[in-house]
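J.:
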Ligand code: FAD
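Residue numbers (the working numbering): 9 to 532.
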């Protein structure tokens with residue numbers, strides 16, 4: 009079209025159009041004024057969206073979303089969206105999806121408690137999920153039908169507090185409650201209740217999800233089930249969870265909290281396996297830890313006398329284990345707790361005289377990590393090169409010999425080491441979370457704190473552990489996995505990989521979501 013024709017055509021366009029155009033322009037320019045320099049990585053069309061006043065691009069803001077709890081990865085986003093409703097997120101994703109080939113990546117930022125940059129989005133847009141719930145009291149709704157609808161941004165501690173108001177509680181937890189509903193459901197959400205109830209993902213009825221195309225879809229086992237199963241344990245790859253309907257049970261009032269010590273790994277795991285296999289309901293929570301002499305003394309659970317006693321035991325054996333149990337009760341069941349425990353403890357093989365108990369309110373028990381250790385305020389210079397694994401029961405002795413008695417022995421003290429079993433049948437194999445194919449498998453959490461000087465050493469130790477497992481043919485899975493090649497991801501998901509890729513094609517075909525997981529670097 010010639011310039012003259014263009015002008016003639018323009019001449020036929022009503023003046024109102026130019027007025028509207030100039031309004032849009034002035035809006036765009038005022039947004040640019042407010043935002044400062046617009047990042048080259050993002051299309052300017054974003055400035056014309058009605059969410060523009062909820063976007064920040066200044067370096068102070070983006071710097072806050074450039075790392076995570078692990079402190080090992082750094083990557084700045086180009087912008088941060090502070091949504092006030094799920095629709096704001098959908099608007100952003102729809103725009104990114106329609107901007108191809110200039111689309112940009114997007115990651116939901118829950119509470120940033122990832123370890124390896126999983127919630128980072130270099131050069132893209134971070135969605136600060138917390139702002140969905142800021143100043144609002146309608147994002148957690150408890151139903152008398154024993155479920156709670158919780159926003160994906162909600163912290164589990166807030167879900168707990170709200171449900172307790174109704175005498176109810178979720179059944180399955182994480183050890184630490186300052187994590188978001190969407191963040192843990194994207195992984196699995198595990199703690200000592202999972203042997204009975206499965207991980208948190210096994211306790212969800214329904215989800216609202218904004219897909220990588222910007223569609224908002226409600227899904228459940230009956231409706232859009234492929235998305236439901238895919239998102240649970242799906243590492244944020246198929247959509248952003250904005251609401252989860254979570255199963256509840258009547259809340260107990262108190263917990264008898266026990267720690268039983270072992271000097272021998274087989275007795276320790278034997279008792280754990282007995283406890284998680286019992287059909288009679290005695291323990292409601294079962295976990296366990298490895299302790300070296302230097303690691304004893306970090307817990308307010310024990311009196312000074314008991315701490316000394318335990319230290320001596322650890323010094324004598326070079327490393328000891330304890331089973332951590334919890335028995336829930338309320339006024340109606342209080343009288344039975346001692347009787348039930350007494351007969352059960354007789355069947356266990358802990359070191360005589362090394363059973364310690366405490367009686368606490370249910371909320372204090374669930375919130376024990378925060379009450380004891382205040383993780384969330386960890387100074388920035390503390391790094392966390394953590395390794396979490398699922399190891400099949402059939403190889404746990406080999407793992408003990410090679411890792412606890414081998415690789416870790418060189419590095420005493422080793423920090424927090426969690427060891428406890430799950431029942432496979434409490435997980436739903438249709439969900440994305442990858443687990444070993446064995447009836448009982450253990451979670452192993454190596455959770456040290458490090459300085460900038462020693463994290464690399466601990467990280468190379470993690471590599472050594474993974475190498476050892478590969479060499480010995482231990483069919484483990486990483487929990488909170490981090491891999492950098494698609495071959496590794498393929499191995500991680502195993503038989504689930506093809507379905508995972510199909511779901512990505514269907515729900516996030518441009519691979520816009522959660523790039524920090526490093527599973528898809530381009531369209532699948
Ligand atoms: P983020 O780190 O913000 O995000 C994690 C991933 O999920 C990212 O890929 C992100 O894009 C995606 N994501 C976040 N929100 C959403 C959403 N709404 N929809 C879709 N995707 C989303 N895990 C356990 O299972 N059990 C434990 O006991 C446990 N204890 C922990 C204790 C501490 C101190 C820490 C630091 C971590 C612990 N974790 C535990 C791990 C934790 O569950 C995961 O790191 C989880 O992802 C953190 O949640 P977050 O809300 O901080 O998510």
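Even for Gly, the Cβ is constructed at its ideal location relative to N, Cα and C. A quick note: this is a predicted structure, and the numbers were derived from the prediction, not measured.
Quick one, which of 196, 280 and 417 has its alpha-carbon nearest residue 303's?
T.: Of 196, 280 and 417, the residue nearest in Cα terms is 417.
J.: Across the segment 322–336 and the segment 261–277, are there enough close Cβ pairs to call them in contact, namely three or more that are closer than 8 Å?
T.: Touching, per the Cβ criterion.
J.: At the level of alpha carbons, what is the spacing between residue 74 and residue 84?
T.: When rounded, the distance between both Cα atoms is 4 Å.
J.: Looking only at its own chain, which residues have a Cβ that is under 8 Å from the Cβ of residue 147, when we skip the five neighbours before and after it?
T.: 140, 141, 158, 159, 161 and 162, listed in sequence order.
J.: Is there contact here, the segment 291–309 with the segment 321–329, by at least three beta-carbon pairs under 8 Å?
T.: They touch, by the three-pair rule.
J.: Taking residue 399 as the reference, give the member of 235, 473, 530 and 308 with the closest Cα.
T.: Nearest of 235, 473, 530 and 308 to residue 399, Cα basis: 473.
J.: Judging by CA-CA distance, which residue of 216, 423, 509 and 283 is the nearest neighbour of residue 391?
T.: The shortest C-alpha separation from residue 391 is found at 423.
J.: Give the DSSP-derived three-state secondary structure of residue 9 in the structure shown.
T.: Reliability fails at residue 9, whose pLDDT of 35 lies under 50, so the model's placement of it is uncertain and no value is given.
J.: Check residue 409 in the structure and name its three-state DSSP category.
T.: Residue state, collapsed to three classes: helix.
J.: What residue range is occupied by the uninterrupted alpha helix (DSSP H) comprising residue 505?
T.: Note, residue 505: alpha helix (DSSP H), 505–515.
J.: Check whether the Cβ atoms of residue 345 and residue 256 sit closer than 8 Å, and answer yes or no.
T.: Taking 8 Å as the Cβ cut-off, residue 345 and residue 256 do not qualify as a contacting pair.
J.: Let's see if you can read the secondary structure: which residues bound the beta strand (DSSP E) around residue 135?
T.: Note, residue 135: beta strand (DSSP E), 133–136.
J.: Return yes when at least one heavy atom of the ligand FAD lies under 7 Å from the C-beta of residue 137, else no.
T.: Answer for residue 137: yes, Cβ within range of the ligand FAD.
J.: Enumerate in chain order the residues of its own chain whose CB-to-CB distance from residue 432 is below 6 Å, with the five nearest sequence positions on each side excluded.
T.: So the list reads 447, once near-sequence residues are dropped.
J.: Let me check one thing: in DSSP terms, what residues is residue 115 bridge-paired to?
T.: Bridge partners of residue 115: 134.
J.: Which same chain residues, not among the five before or five after residue 394, have their C-beta less than 8 Å away from its C-beta?
T.: Correct list, in chain order: 78, 123, 453, 454, 455, 456 and 488.
J.: For residue 146, name the three-state secondary structure that DSSP assigns.
T.: Looking at residue 146 - three-state DSSP - the assignment turns out to be coil, as it is neither helix nor strand.
J.: What separation, rounded to the nearest whole angstrom, lies between the Cα atoms of residue 58 and residue 64?
T.: Straight-line Cα distance between these residues: approximately 14 Å.
J.: Can you give me the start and stop residues for the beta strand (DSSP E) that residue 493 sits inside?
T.: From DSSP, residue 493 is part of no beta strand (DSSP E); its letter is neither H nor E.
J.: Using a Cβ-based criterion (distance less than 7 Å to any ligand heavy atom), does residue 115 qualify as near the ligand FAD?
T.: Residue 115: yes, Cβ under 7 Å from the ligand FAD.
J.: For residue 461, name the three-state secondary structure that DSSP assigns.
T.: Three-state DSSP puts residue 461 in coil, outside helix and strand.
J.: In three-state terms, what does DSSP make of residue 300?
T.: Residue state, collapsed to three classes: coil.
J.: Thinking just about the alpha-carbon of each residue, which of 132, 126 and 99 is nearest to the one in residue 111?
T.: Of the candidates 132, 126 and 99, the one whose C-alpha sits nearest the C-alpha of residue 111 is 132.
J.: Where does the unbroken alpha helix (DSSP H) through residue 96 begin, and where does it stop?
T.: From DSSP, the alpha helix (DSSP H) with residue 96 extends over 94–106.
J.: May I ask you to list the residues that DSSP assigns as paired with residue 428?
T.: Per DSSP, 451.
J.: If you compare alpha carbons, which of 200, 196 and 216 is closest to residue 210?
T.: Among 200, 196 and 216, the Cα nearest to that of residue 210 belongs to 196.
J.: First and last residue of the alpha helix (DSSP H) that includes residue 352?
T.: Note, residue 352: alpha helix (DSSP H), 342–354.
J.: With distance defined between alpha-carbon atoms, name the residue in 479, 348 and 249 nearest to residue 188.
T.: That would be 249, whose Cα lies nearest to the Cα of residue 188.
J.: List the residues that DSSP assigns as beta-bridge partners of residue 265.
T.: Answer is 334 and 366.
J.: In whole angstroms, what is the alpha-carbon distance linking residue 100 and residue 113?
T.: Going by the C-alpha atoms only, they are around 10 Å apart.
J.: Which residue from 200, 193, 168 and 173 puts its Cα closest to that of residue 185?
T.: The candidate whose alpha carbon is nearest that of residue 185 is 168.
J.: Taking the Cβ atom as the reference point for each residue, do residue 525 and residue 220 lie within a distance shorter than 8 Å?
T.: Cβ distance not < 8 Å, so residue 525 and residue 220 don't count as in contact.
J.: Which residues in the same chain have their Cβ closer than 7 Å to the Cβ of residue 411, if we skip the five residues on either side of it in sequence?
T.: So the list reads 473 and 476, once near-sequence residues are dropped.
J.: If we cut at 8 Å on Cβ distances, does residue 63 have a partner in chain E?
T.: Going by chain labels, chain E is absent from the structure shown, which holds only one protein chain.
J.: Helix, strand or coil: which one does DSSP assign to residue 67?
T.: Three-state result, residue 67: helix.
J.: Go ahead and pull the three-state DSSP assignment for residue 473.
T.: Here residue 473 sits in helix by DSSP.
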